[in-house]
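K.L.:
The number in the working numbering is simply the position in the sequence shown, starting from 1, with 24 added. Every residue, glycine too, gets a C-beta built ideally from N, C-alpha and C. Just passing along the structure, written as structure tokens.
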Amino acid sequence: DDGFTLRLMREDIETSYKDNLRTINEEIQRGDLSKEDIFAHPHYVEPMLDFIIEDFNRARNLVFDDQTIGGMIVCDSSKQARELEKQLEERRQAGSTTLTSALILHDEGDKEEKKDKVDAYKEGKIDLIIVYSMLLTGFDAPRLKRLYLGRKIKAHNLLQTLTRVNRPYKDYLFGYVIDFADISKEFDKTNRAYLEELNQEYDSTLTGENGE
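Shown next, in the form of structure tokens:
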């Protein structure tokens, strides 16, 4: 057993950002672009990144009051992930953000490089980790408390993805999933099953029926 796990909170992105993304989406769609290209388009990624930076800083300063918490951005495609990292780097160069990030993709860098990035993240040297399909399962970093979900994830992978943010860390009660992909139905279903399981574990601990 890995100790108590935290409850999960799903948050929609703010309406103003949602409307902005929808408008940009419609504008880009007038061209001859695939869905993947639309979501990776610089004009789409820019307001998405605006929101993430603002939300992550707010979480550190107000929600948790803790500069050690980390975030993960699960992207719609490796193309979108690269664009996010590129724009973050441009903002760092321009001095508009000091947030550090690491891009981890299955087709970029060798095993050792990826391991170094993951280790640096776990040690708190990197603020945001940007992924497409890597690190969704089997990744354990208790400081990860904001998961930005930019794509829909199949039901059988969703719980494993959500549990990236529910590892016990300090005395926090929640891990947060910020939903760009509108996974609300799947989230509710998965979270209900997860909470039932959690409650059963809790009940058996209280009643001593866990065989210990």
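1) Leaving out the 5 sequence neighbours to the left and right, which residues in its chain are closer than 6 angstroms to K141 when beta-carbon positions are compared?
2) According to the Cβ coordinates, are V155 and V98 closer than 7 angstroms?
3) Can you tell me the Cβ-Cβ gap for Q111 and A64, rounded? I've got them flagged as a contact below 8 angstroms.
4) Tell me which same chain residues have a C-beta within less than 7 angstroms of the C-beta of K42, skipping the five on either side of it?
5) What residue does the alpha helix (DSSP H) around A105 start on, and which one ends it?
6) Using CA coordinates, which residue listed in P71, E60, L57 is at the minimum distance from R46?
7) If you check the beta carbons only, do E60 and S102 fall under 7 angstroms apart?
8) Under the DSSP definition of a beta bridge, which residues are partnered with A83?
9) Are P166 and Y145 closer than 7 angstroms when you measure CB to CB?
10) Which partner residues does A126 have in the DSSP bridge list?
11) Would you decide whether N190 is buried or exposed? Buried here means 16 or more other CB atoms lie within 10 Å of its CB.
12) Which residue marks the beginning of the alpha helix (DSSP H) containing V189, and which one marks its end?
13) Measuring alpha carbon to alpha carbon, tell me which of I150, N81, F75 ends up nearest F17.
P.N.:
To lay it out plainly:
1) A126, I128
2) yes
3) With 8 angstroms as the limit, Q111 and A64 do not qualify as a contact, their Cβ atoms being about 11 angstroms apart.
4) none
5) 102 to 118
6) Each of P71, E60, L57 was checked against the Cα of R46, and the nearest Cα belongs to P71.
7) Taking 7 angstroms as the cut-off, the Cβ atoms of E60 and S102 do not count as close.
8) The partner list for A83 (beta bridge, DSSP) is empty, contrary to what the question assumes.
9) no
10) I153
11) With 16 or more other Cβ atoms within 10 Å, it is buried.
12) Run containing V189: none; DSSP gives neither H nor E here.
13) For residue 17 there is no data in the structure shown, the boundaries of the chain being 25 and 236.
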